[in-house]
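Each residue of the sequence shown is one higher than the last, beginning at 127 in the working numbering.
Even glycine gets a Cβ: it sits at the ideal position worked out from N, Cα and C.
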Amino acid sequence: LGALGVNAASTGAEIDDLSNRFGVSAETIQEWQYVASQLGVDVEVFNKALIRTRAAMLDLSSGKTSAATEALSALGLEMSQVDSYEEMFDGVMNALSGMEDKTLQAAYANEIFGDKIANQMLPYLNAGTEEVEKFKEEFAGMSSLTNEQVTALAKLDDTFNLLKQSIQYVGLQIARLSVRFCNPLQM
């Protein structure tokens, strides 16, 4: 039961960190992770795709030119079209998923995500928006953690980490005193 609590706290902390990093709700993070896993995309790969997408969109909005911003422009995407990071990411994924030319789709994905991540994101992109929406609807019917629950679990994880570190430092102090007791000339 203790391990379950520690794992729950750790998972909550991870969701909380991603929520803060991407500027979206904890519910959105869980939804994205569920959809990605249902489509055969590793959650860590998906998180990296989020990071690359956000960076490319921010570069596009600042006028910086790169292969990624050119791909986004070719897809007809602009930061002014979105009100949130959630809309931004969904917009990029929908634009890529909706492409009929799969060779061009792969090329744009390579530019936006990088070759390795793009290759691993192909199951998501090839699934199409209908399949993604189906899994989003499935997720909506599930019991997920609220923002408040995720925040509480993240605080619990912080407490567990503090306790773990404190115990480790006490152990180090005991070891230091043991060495001193065994060999009084060394300390």
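| Span separating the alpha-carbon of Lys228 from that of Met247 | Position 102 of the sequence shown holds residue 228. Position 121 of the sequence shown holds residue 247. Each residue's alpha carbon lies about 13 Å from the other.
| query | Based on Cα-Cα distance, which residue from Val276, Glu256 and Val150 lies nearest to Arg180? | reply | To locate residue 180, count along the sequence shown from 1; it is residue 54. Minimum Cα distance to Arg180 is reached at Val150.
| field | Those runs of the beta strand (DSSP E) which lie wholly inside the region 135-212 and span at least 3 residues | value | Whole beta strand (DSSP E) segments, 3+ residues: zero.
| Residues near Thr277 in its chain [Cβ-Cβ closer than 7 Å; skip 5 each side] | Within the sequence shown, the letter at position 151 stands for residue 277. Counting only Cβ-Cβ distances below 7 Å, and skipping sequence neighbours, we find Asp142.
| query | Nearest CA to the CA of Leu176: which residue from Phe239, Tyr160 and Ser223? | reply | For the purposes of this step, residue 176 is taken as the residue at position 50 of the sequence shown. Out of Phe239, Tyr160 and Ser223, the CA that lies nearest to the CA of Leu176 is found in Phe239.
| message | At 4 residues or longer, what runs of the alpha helix (DSSP H) sit wholly inside the region 226-278? | response | Runs of the alpha helix (DSSP H) inside the region 226-278: 228-239 and 241-266.
| On the premise that Leu271 lies in contact with Ala152, defined as a C-beta separation below 8 Å, what is that separation, rounded to the nearest angstrom? | Residue 152 sits at position 26 when you count from the first residue of the sequence shown. Residue 271 sits at position 145 when you count from the first residue of the sequence shown. Yes, Ala152 and Leu271 are in contact; Cβ-Cβ is about 6 Å, under 8 Å.
| So, Leu165 versus Tyr234, is the Cβ gap smaller than 8 Å? | Numbered from 1 along the sequence shown, position 39 holds the residue referred to as residue 165. Numbered from 1 along the sequence shown, position 108 holds the residue referred to as residue 234. Taking 8 Å as the Cβ cut-off, Leu165 and Tyr234 do not qualify as a contacting pair.
| field | Test item: CB-CB of Gln159 and Val169 under 8 Å | value | Here residue 159 is taken as the residue at index 33 of the sequence shown, counted from 1. Here residue 169 is taken as the residue at index 43 of the sequence shown, counted from 1. Cβ atoms of Gln159 and Val169: closer than 8 Å.
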